[in-house]
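What follows is one structure encoded as structure tokens, with my remarks underneath.
Number of protein chains: 2
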Amino acid sequence: MSTAKPFTRSACAVANSLDIVGDKWTLLVVRDLLHGKRTYGELANSPERIPTNILADRLRRLEGAGIIASTPYQERPVRYAYALTPKGRALGDVLLAFVRWGKQFIPGTVALNQGSAGAGSAVPAGSPRRARTRRGG
Amino acid sequence: MSTAKPFTRSACAVANSLDIVGDKWTLLVVRDLLHGKRTYGELANSPERIPTNILADRLRRLEGAGIIASTPYQERPVRYAYALTPKGRALGDVLLAFVRWGKQFIPGTVALNQGSAGAGSAVPAGSPRRARTRRGG
DNA sequence: CTTGTCACTTGCAAAATGCAAGTGACTAAA
DNA sequence: TTTAGTCACTTGCATTTTGCAAGTGACAAG
């Protein structure tokens, strides 16, 4: 006879999905990740100009929700690259539905497809590459 | 050479869609409308218990965005029934994508389908029916 | 006249947003 | 060594949005 509610608002799949991605920014970072962006800087430079504190917050929440995973792409200083998990990639269907709806009912809107970083570089343009230049080592 | 931006954040269909329905409540009222709810009271009684001030605000915005339309279902006092426009009904695809995603990745969630009002009544249960009982003529 | 219903509105405290500037760890150039 | 620059965040703080609770207006019914 459990009396504890397992859900915040209801058991509705829509309501619970919105508790995770229901705001103006979260799905935009998922969109960018889906389009190949990987670093904090790339995500911050999207045309919508997400405030950096919000971006940091969303990345934390998305990781907590198992939608993205971060792995270090360099050490000293350690920097993380963000990538979608299967759960995150599955949000592609939701994004697609939004794209279709938006294109059909909001005049002038378009689908911003394709990659993000200029070239196919694995790291921010011409940035600290760290060959084996170390100090204390 | 127009310099005025036509969009708040970008021309992205997703971003612009989120500017309209990107929050925790809006799509839930669309869901309810899609499921047959029509009056303020019915919408307010959904399991998520949307605060009434938020509900009033969302109905205003949705109407302003052309997603719903309100028509009086009774006079004295005038009361409005809300219904989805084609633009609003098209959001069904987005809702469906959310249902699928939620059911697949958020354990325990379900799709709350079907109607809302107890019976198929056109007006709130046993409420002021106004036959031709008028005062001022 | 009192009670009840429905659809909102109002007040206000708490939480979320957004902007700008600051910080930490380094690399690279002067 | 000092100075400048990059990347990834964090911090402060003012503004906006939420959310809860209670109040209001227009009635019908007893």
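Line by line, the protein sequences give chains A and B. All the letters of the first sequence, read from the start, carry residue numbers 586 to 722 under our numbering. All the letters of the second sequence, read from the start, carry residue numbers 586 to 722 under our numbering. Ideal Cβ positions, reconstructed from N, Cα and C, are used throughout, including at glycine.
Buried or exposed for residue i, please, with buried defined as at least 16 other CB atoms from any protein chain shown within 10 angstroms of its CB.
{"i": "Ala682/B", "result": "buried"}
{"i": "Ala600/B", "result": "buried"}
{"i": "Thr593/B", "result": "exposed"}
{"i": "Asp642/A", "result": "exposed"}
{"i": "Glu660/B", "result": "exposed"}
{"i": "Thr637/A", "result": "exposed"}
{"i": "Val614/A", "result": "buried"}
{"i": "Arg623/A", "result": "buried"}
{"i": "Arg645/A", "result": "exposed"}
{"i": "Val606/B", "result": "buried"}
{"i": "Arg616/A", "result": "buried"}
{"i": "Gly673/B", "result": "buried"}
{"i": "Ser595/B", "result": "buried"}
{"i": "Val663/B", "result": "exposed"}
{"i": "Gly687/B", "result": "buried"}
{"i": "Pro591/A", "result": "exposed"}
{"i": "Thr718/A", "result": "Confidence in Thr718/A is poor, its pLDDT being 35 and thus under 50, which makes the residue's placement unreliable; the coordinate value appears in the next sentence. Answer is exposed; the Cβ neighbour count stays below 16."}
Can you pull the DSSP bridge partners for residue i?
{"i": "Thr611/B", "result": "Answer is none; Thr611/B lacks a bridge partner."}
{"i": "Val695/B", "result": "Cys597/A"}
So residue i and residue j are supposed to be a Cβ contact under 8 Å. How far apart are they, rounded?
{"i": "Ile691/B", "j": "Ser602/A", "result": "7 Å"}
{"i": "Ala696/A", "j": "Ala675/B", "result": "No, Ala696/A and Ala675/B are not in contact; Cβ-Cβ is about 16 Å, not under 8 Å."}
{"i": "Gly653/B", "j": "Leu612/B", "result": "For the record, residue 653/B in the displayed sequence is Ile; it is not Gly. Wrong, their Cβ atoms sit about 12 Å apart, outside the cutoff."}
{"i": "Asp678/B", "j": "Arg685/A", "result": "7 Å"}
{"i": "Tyr665/A", "j": "Pro657/A", "result": "6 Å"}
{"i": "Ala629/B", "j": "Leu647/B", "result": "15 Å between Cβ atoms; not a contact."}
For residue i, is the beta carbon positioned less than 8 Å from some heavy atom of the ligand SAM?
{"i": "Thr624/A", "result": "Ligands in the displayed structure: none, and consequently the ligand SAM is not present."}
| Every unbroken beta strand (DSSP E) inside the region 617-680 of chain A [3 residues or more] | Counting whole runs of 3 or more residues, the region 617-680 of chain A contains the beta strand (DSSP E) stretches 653-659 and 664-669.
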